[in-house]
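Novice: My structure is below; once you've seen it, I'll send some questions.
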Amino acid sequence: MKIASVKGFHDVLPGETARWAWVEQRARDLFARYHFREVRIPIVEKTELFTRSIGDTTDIVEKEMYTFIDRDGTSLTLRPEGTAGVVRAYVEHALAQREPVSKLFYFGPMFRRERPQKGRLRQFHQVGVEVLGRDDPAIDAEVLMLLHDLLVELDVRRFSIEVNSLGDEQCRPAYREALRAFAEAQRTYLCANCQRRLERNPLRLLDCKVPSCAAIVAEAPTIEGFWCQACRDHFAQVRRMLDYAGVPYQVAPRIVRGLDYYVRTAFEVKAEGLGAQNAVGGGGRYDGLVRSLGGPDVAGIGFALGLERVLLALGTTVDERLEPPLEVFIAPLDREAELRVLAVAQRWRREGFKIELGSAHRSLKSQMRQADKCGAPFVFLVGEAELEAGAASVRDMLRKRDYGCAVSFEWTVSQVRAYLRSLAELAA
RNA sequence: GUGAGUGUAGCUCAACUGGCAGAGCACCGGACUGUGGCUCCGGGGGUUGAGGGUUCGAGCCCCUUCACUCACCCCA
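Here you go:
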């Protein structure tokens, strides 16, 4: 009986992994330019970390977490997102004491037990950044610039960044109440879902896609009218900086995030080619979070991108060019040759030569076919004659030429490379 | 959690109103002894997702079940 992978947990096979590596490398290069540094944190955390940070009435915490009881009775959870763990580590290791501002990034798998569909898996991967220790609008702008540049760098097709301010603990409660009161009056016209949202999380009414609800919501009061002076100023500054720097974005008064810890600046990225799940990323400011997790009262802001969705939204320019080409394929023709070739290849590989080895168990024909398929520009042939001469015969695959016993087994890699280069001129 | 669709070779898919389970690609081998792509020839591969039912006979019809996909919900 075959064992299949678990529902919503996917394999990434060779070929596809090159695209992943490409994305990660481009992201790393960009992060370095913005001077963000990598953190690696555990995949498993105490369940309480997520219930306290994400919010225990959110969908994630209520029904999507992979939670289990460890043998000592502790409740543990596979992380459903990255921010909580990063903040936990920040507090635990007192990073605030070491540096006034921490600019961090991470890559890794996240787990949410949802019904899988296009662009949505139970194990999915995110790249995220967090800035701890700055509450001024300039850092919001910088993070959004990084987000924008990252999307450009990764060649995400036709994306848009939507920005909003959710207010803070000063002004959001009043807005929440106003919205609830407004919706309450329309209750009978709302869909069943929205009626439920009304009690639990009125802000979520704003992103209902049911047309009748959307029509009602269009008439609803917007957060704008409720911002306190501080929030209003903050958001105005952020927008002014983005405008000045030429970062494109749209103000979207209706966006709300699915995690409770966001305050003030919040944003989402949408892109094409993703099916119904058109959000490739999102993030925002979470000023109270560090404190609520037992740390100092420092501000935080960050975002995360879903890598599977980024991959779905990539332009057509990405291909296998990332895989460095093979330099030589070595084909041994018998056991004796195989023995010799293994040792020679090892020496050359240690010097940085990129070599694939054929097997003497296979016919020369099939080794040649294999060499061709690997894209090897040269094949080194080793049989009886070559062993005797102490040198491999060379087949130039591109120019279809042969050179008998031409490359000595004693040569260094630079000698071999120099010789192979000279073949081009020889052929011309 | 809810709904719809689809399950046939490693992959993409055929197979008439129920009548011998096939093709292309991929893989392996061969076409003058130790030379690739192109062409030609050949080969291995399947419990038709699983279980039951109807029938002389089921890939096809009926029931059950499982898996996958898409969508709702929500989000990355």
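The first sequence: position 9 = 46 (the numbering used here), numbered continuously. Glycine is no exception: its CB is placed at the ideal position from the N, C-alpha and C atoms.
#1: Could you tell me the boundaries of the alpha helix (DSSP H) in which Gln274 lies?
#2: Could you please give the first and the last residue of the uninterrupted alpha helix (DSSP H) stretch that includes Asn230?
#3: Is it buried or exposed, Lys410, if we count other Cβ atoms within 10 angstroms and call 16 or more buried?
#4: Please state the DSSP three-state secondary structure of Arg159.
#5: Could you tell me the distance, in whole angstroms, from the CA atom of Asp186 to the CA atom of Arg241?
#6: What is the rounded straight-line gap between the Cα of Pro361 and the Cα of Ala408?
#7: Is Asn201 closer than 9 Å to Ala289 when the C-beta atoms are compared?
#8: Could you tell me if Glu462 is buried or exposed, where buried requires 16 or more neighbouring beta carbons within 10 angstroms of its beta carbon?
#9: What's the C-alpha gap between Gly92 and Leu379?
#10: Run through DSSP, which three-state label would Asp409 get?
#11: In angstroms, rounded to a whole number, what distance separates the CA positions of Leu141 and Leu330?
#12: Should Arg125 be labelled buried (16 or more other beta-carbon atoms within 10 Å of its own) or exposed?
#13: For Thr225, does the count of other Cβ atoms within 10 angstroms reach 16, so buried, or fall short, so exposed?
#14: Return the bridge partner residues of Leu394 from the DSSP annotation.
#15: Indicate whether Ala374 and Glu421 have their beta-carbon atoms separated by less than 9 Å.
#16: Considering only residues of the same chain and omitting the five flanking positions on each side of Ala397, which have a CB-CB separation below 7 Å?
#17: Taking all protein chains shown into account, decide if Asp173 is buried (16 or more other Cβ within 10 angstroms of its Cβ) or exposed.
#18: Mind checking Ser42: buried by the 16 CB within 10 Å criterion, or exposed?
#19: Closer than 8 Å by C-beta to Ile253: which residues in its own chain qualify, once you throw out the five before and the five after it? Chain order, please.
#20: Pull up the DSSP beta-bridge partners for Lys83, would you.
#21: Which residue spans inside the segment 193-224 form an unbroken beta strand (DSSP E) run of at least 3?
#22: Between the Cα of Ala178 and those of Val275, Gln163, Val168 and Pro117, spot the shortest distance and give me the residue it belongs to.
#23: Count the other CB atoms, across all protein chains shown, that sit within 10 Å of the CB of Pro51; report buried if there are 16 or more and exposed otherwise.
#24: Thr259 lies in the alpha helix (DSSP H); which residues open and close that run?
#25: What residue range does the alpha helix (DSSP H) around Phe68 cover?
#26: Where does Asp334 fall in DSSP's three states?
#27: Just to confirm my understanding: we take Leu188, look at its own chain, exclude 5 residues before and 5 after, and list those with CB closer than 6 Å. What are they?
#28: Tell me whether Gly122 sits in a helix, a strand or coil according to DSSP, three-state version.
#29: How many Å lie between Arg269 and Leu115 at the Cα?
Specialist: Straight from the coordinates:
#1: Residue mapping note: residue 274 aligns to position 237 of the first sequence, counting from 1. Residues Gln266 to Ala282.
#2: Within the first sequence, numbered from 1, the residue matching residue 230 stands at position 193. Residues Ala229 to Arg237.
#3: Counting from 1 along the first sequence, the entry for residue 410 is found at position 373. Exposed, by the Cβ-count rule.
#4: Mapped onto the first sequence, residue 159 falls at position 122. In this structure, Arg159 counts as coil in the three-state DSSP scheme.
#5: Locating residue 186 in the first sequence gives position 149, where the first residue counts as 1. Locating residue 241 in the first sequence gives position 204, where the first residue counts as 1. Whole-angstrom Cα-Cα distance: 29 Å.
#6: Taking the first sequence and counting its residues from 1, one reaches residue 361 at position 324. Taking the first sequence and counting its residues from 1, one reaches residue 408 at position 371. Straight-line Cα distance between these residues: approximately 15 Å.
#7: Position 252 of the first sequence, counting from 1, holds the residue named residue 289. Position 164 of the first sequence, counting from 1, holds the residue named residue 201. Cβ distance < 9 Å, so Ala289 and Asn201 count as in contact.
#8: Here the question's residue 462 lines up with position 425 in the first sequence. Result: exposed.
#9: For the purposes of this step, residue 92 is taken as residue 55 along the first sequence, with counting starting at 1. For the purposes of this step, residue 379 is taken as residue 342 along the first sequence, with counting starting at 1. About 59 Å.
#10: Within the first sequence, numbered from 1, the residue matching residue 409 stands at position 372. Helix at Asp409.
#11: For this step, residue 141 is matched to residue 104 along the first sequence. For this step, residue 330 is matched to residue 293 along the first sequence. If you take the alpha carbons of Leu141 and Leu330, they lie about 18 Å apart.
#12: As a working mapping, residue 125 is identified with position 88 in the first sequence. Buried.
#13: Translated into the one-based positions of the first sequence, residue 225 becomes position 188. Exposed is the call here.
#14: In the first sequence, counting from the first residue as 1, residue 394 sits at position 357. According to DSSP, Leu394 bridges with Ile367.
#15: What you label residue 374 is simply residue 337 of the first sequence in a count that begins at 1. What you label residue 421 is simply residue 384 of the first sequence in a count that begins at 1. Closer than 9 Å, so yes.
#16: Position 360 of the first sequence, counted from the start, is the residue given in the question as residue 397. Answer for Ala397: Pro369, Leu370, Asp371, Arg372, Ala374 and Glu375, listed in chain order.
#17: Taking the first residue of the first sequence as 1, we reach residue 173 at position 136. By the neighbour-count rule (16 or more Cβ atoms within 10 Å), Asp173 is not buried but exposed.
#18: The sequence position of residue 42 within the first sequence is 5, counting from 1. By the neighbour-count rule (16 or more Cβ atoms within 10 Å), Ser42 is not buried but exposed.
#19: Taking the first residue of the first sequence as position 1, residue 253 is located at position 216. So the qualifying residues of the chain are Ala220, Gln223, Tyr226 and Leu227.
#20: Indexing the first sequence from 1 puts residue 83 at position 46. Leu113.
#21: 197-202
#22: On the first sequence, residue 178 is found 141 positions in, with the first residue counted as 1. When each option's Cα is compared against that of Ala178, the closest is Val275.
#23: Indexing the first sequence from 1 puts residue 51 at position 14. Pro51 comes out exposed.
#24: For the purposes of this step, residue 259 is taken as the residue at position 222 of the first sequence. Looking at the DSSP string, Thr259 is not in any alpha helix (DSSP H), and its letter there is neither H nor E.
#25: For the purposes of this step, residue 68 is taken as the residue at position 31 of the first sequence. It spans Glu53 to Arg70 - the alpha helix (DSSP H) in which Phe68 sits, taken as one unbroken run.
#26: For the purposes of this step, residue 334 is identified with residue 297 of the first sequence, where counting begins at 1. Note: Asp334 maps to coil in three-state DSSP.
#27: Indexing the first sequence from 1 puts residue 188 at position 151. Closer than 6 Å at Cβ, skipping near neighbours: Phe196.
#28: Locating residue 122 in the first sequence gives position 85, counting from the first residue. Correct three-state label for Gly122: helix.
#29: Within the first sequence, numbered from 1, the residue matching residue 269 stands at position 232. Within the first sequence, numbered from 1, the residue matching residue 115 stands at position 78. Their Cα atoms are separated by approximately 37 Å.
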